[in-house]
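In order, the protein sequence lines correspond to chains A and B. Just so we're aligned: 91 in this note's numbering is position 111 of the first sequence, and the numbers increase by one with no gaps anywhere. Just so we're aligned: 349 in this note's numbering is position 323 of the second sequence, and the numbers increase by one with no gaps anywhere. Cβ coordinates follow ideal geometry from the N, Cα and C atoms, glycine included. From a predicted model like this one, the values you see are computed outputs, not experimental measurements. Right, one structure below, let's go through it.
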Amino acid sequence: MPEAFLEKYLRLENLPTIWCAGCGLGTDMRSIVKAFDTLELDPDMTVLVSGIGCSSRMPAYVDVNTVHTTHGRAIAFATGIKLANHDLTVVVVSGDGDAAAIGGNHLIHACRRNINITLVVLNNSNYGMTSGQYSPLTPQGSVATTAPYGNVEQSWDLCDLARASGATYVARSTTFHYELITKLVTKGIEHKGFSFIEVITQCPTYFGRFNLAGSPTDMLKYQKTHSIRIERSDGTEEAITIGELYKREAREYCDHYDELIVRAKELKAEMSED
Amino acid sequence: MGDARVQLLQGNEACAEGALAAGCRFYGGYPITPSSEIAEIMAFRLPQEGGKFVQMEDEIGSIASIIGASMAGVKAFTATSGPGYSLMMENIGYACVTEIPIVIVNVMRCGPSTGQPTATGQGDLMQARWGTHSDHPAITLAAASGQEMYDLTAKAFNLSEKFRMPVTMLSDAVVGHIRERVVLHSPDEIGIVQRKLADESADEYVPMDVDDSHIPALANLGSKHHPYYTGLVHSGKGFFTSKPEEVEYFIRRLSLKVEKHKDELIDVEELGTDDCEVCLVSFGVSGRAAINIAQRMRDAGKKVGHLRLKTVWPFPDEVIKSIAAKCHTFVVPEMNLGQLKLEVERAACGEAKVIGVNNISGSMITTHEIYDVVKEFV
């Protein structure tokens, strides 16, 4: 029998997922819905939005209000959803290609607006759905189907980008640290403003196989041994920094817009009195 | 005091007011000439009505935001011009497949690519039908005046809500910017249509459960029915399917929504089409020159008629066919290289000659240009 929170938040009838054996996305999905359960989110008022890619298939398995949109556009759809109805809790799941390449423009502008949406980028270092092409987050030198001689492009630190773009909550975990994912997503949803959470996850079928990263277990061990908690980091290590990287309080977009509506209505009333 | 409902308005202003009257409470847009006034007015007017305006980072974001807002239950629209309309195409297809009501107003400019931003044109007629990939339905209206910018924008909302699909309204730089007398019909006069919603008291909701209308009920986001929207071809339950019979049914049904209701959707203005020997066929602003010629030649005793399409998609094949049985020549004046003419030829099936009058200079097509062609055939 699945655990109670999985019964509550998953469409068990749609399982098994399309994800490959050893893929990190199943673990990530469990950790995300565990956060929903921690917060006791009302599934009727929760919206999970995605774009295109392996991770973007997640909404089909999650039993809340769900939208599987076009490639790269999930955050722009989510902006319309949240602005139209502030009462909805809006969470976006996206892959590294979806969020950083085709959707990069929407990402930075959603950060800038500081709209109360939680974005979870599931970064498996390549385009898994289309069989392993390089993405903006593929490490330089790694092999991909479109980088057969090694990737010549620099990769991005998406957390740095989110922070520089105005996100007011920025955090990172790996799939190995599955309880940390739950903690960070929980805090991200609770945070009033744009929350950005990157999860380093494994794609054993393509990225792992092309780059001789070993079995899924080996890839998880790599996540464990190559990560360092932000509290213990002096910022100089060659490691994946995990935990809450950045947080600040700032005016949230929908609240700000509601204040604007009050002013616009007052002005209209004054104008009609004149 | 005059009637407050009668105002001198710019076409783009009339469009914005028509949207508000129809119940629009969300606008997502990106600045582009010659449509920008619509965004500016919505930014000012929407908050007064408790609605929301957002200027997105590009037109792809604009259309995504309005689809999202509409999924959340709020009537939403965007306005743009050619280059922005091109950027919106993928998500117009998405709105067709997810069956989400949205309205797109395209204030057309002259020419392909960046074209002539402040000049008029009618080159996006075929794009409104076939701009997004593969087989999909389309409803497109075309406004020829400030009054129609108001009336047809409101109508576009009604049709999108009823048929659960995107509706495009084509305008152009002239109609968008011209100032004319506009009667602001009240919502009661317009007759506001609301989407058919899934029954929230029912335990079960089958997203694709359709009756003869082929239009399923919609569950807004924030529903106990937990809808799943996807651009993938989906089965009755709303989830991805690759079963050939389900794929075939789904794609056919989308187009049947429009096909089955063609009579209700077709909207034309006719002058002398019963007895004409030469019939002018137009849409949008070129109709203003065309009707002038038709009327003047009729006054001079010539058997000239005029048919103006207020609904361009679906195309009124039957109307063209019945006129083709009576007249010997169609003259099609348009500000493109013959897009409407192609459709008239197709529908006329060789029963009448079809002659084009094409102006792609960025200036309004003139009565003289049209007259010089028509006079050769009467």
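Are the beta-carbon atoms of residue i and residue j separated by less than 8 Å?
i	j	result
residue 195(B)	residue 283(B)	no
residue 54(B)	residue 91(B)	yes
residue 124(B)	residue 114(B)	no
residue 160(B)	residue 126(B)	no
residue 38(B)	residue 162(B)	no
residue 61(B)	residue 131(B)	yes
residue 145(A)	residue 88(A)	yes
residue 82(A)	residue 90(A)	no
residue 392(B)	residue 326(B)	no
residue 109(B)	residue 64(B)	no
residue 30(A)	residue 49(A)	yes
residue 254(B)	residue 208(B)	no
residue 98(B)	residue 68(A)	yes
residue 280(B)	residue 43(B)	no
Could you name the residues of the same chain whose beta carbon sits closer than 6 Å to that of residue i, not counting the 5 residues immediately before and after it, in chain order?
i	result
residue 292(B)	337 and 342
residue 99(A)	72 and 176
residue 76(A)	103, 115 and 117
residue 45(A)	27
residue 214(B)	none
residue 69(B)	79
residue 212(B)	none
residue 193(B)	129, 165, 182, 185 and 186
residue 388(B)	136, 142 and 145
Could you work out which residues of chain A lie near residue i, taking near to mean beta carbons separated by less than 8 Å?
i	result
residue 76(B)	241 and 245
residue 352(B)	Under the 8 Å cutoff, chain A gives no residues; its nearest Cβ is about 47 Å from residue 352(B).
residue 95(B)	60, 61, 63 and 64
residue 120(B)	49 and 50
residue 64(B)	Ordered by position in chain A, no residue passes the 8 Å Cβ test against residue 64(B), which lies about 17 Å from the chain.
With DSSP as the reference, label residue i as helix, strand or coil.
i	result
residue 91(B)	helix
residue 388(B)	coil
residue 236(A)	helix
residue 83(B)	coil
residue 114(B)	helix
residue 361(B)	coil
residue -1(A)	coil
residue 91(A)	helix
residue 129(B)	strand
residue 173(B)	helix
residue 50(B)	coil
residue 72(B)	coil
residue 219(B)	coil
residue 394(B)	helix
residue 111(A)	coil
residue 182(B)	helix
residue 187(A)	helix
residue 213(A)	coil
In angstroms with no decimal places, state the Cα-to-Cα distance between residue i and residue j.
i	j	result
residue 173(A)	residue 362(B)	48 Å
residue 288(B)	residue 169(B)	19 Å
residue 173(B)	residue 322(B)	23 Å
residue 355(B)	residue 386(B)	23 Å
residue 17(A)	residue 244(B)	27 Å
residue 234(B)	residue -11(A)	23 Å
residue 118(B)	residue 33(B)	33 Å
residue 223(A)	residue 207(A)	10 Å
residue 402(B)	residue 378(B)	15 Å
residue 109(A)	residue 33(A)	5 Å
residue 14(A)	residue 45(B)	42 Å
residue 171(A)	residue 149(A)	7 Å
residue 301(B)	residue 328(B)	10 Å
residue -13(A)	residue 35(B)	57 Å
residue 335(B)	residue 134(B)	16 Å
For residue i, which residues of its own chain have a beta-carbon under 7 Å away from its beta-carbon, when the five flanking residues on both sides are left out?
i	result
residue 156(A)	200, 203 and 204
residue 320(B)	297, 298, 306, 330, 331 and 332
residue 217(A)	208
residue 273(B)	259 and 267
residue 220(B)	187
residue 251(B)	224, 231 and 245
Cβ closer than 8 Å: which chain B residues qualify as neighbours of residue i?
i	result
residue 68(A)	98, 247 and 248
residue 48(A)	254, 255, 256, 257 and 258
Give every residue of the same chain whose Cβ lies closer than 8 Å to the Cβ of residue i, excluding the five residues on either side of it in the sequence, and list them in chain order.
i	result
residue 358(B)	306, 307, 308, 364, 366, 367, 370, 380, 381, 382 and 383
residue 262(B)	232, 233, 234, 235 and 272
So which residues on chain A does residue i lean against when the C-beta distance must stay under 7 Å?
i	result
residue 83(B)	85, 86 and 89
residue 116(B)	50
residue 451(B)	Not covered by the structure: residue 451(B). The range shown for chain B is 27 to 404.
Kindly list, in the order they appear in chain B, the residues whose Cβ is closer than 7 Å to that of residue i.
i	result
residue 107(A)	In chain order: nothing, as chain B lies at least about 18 Å away.
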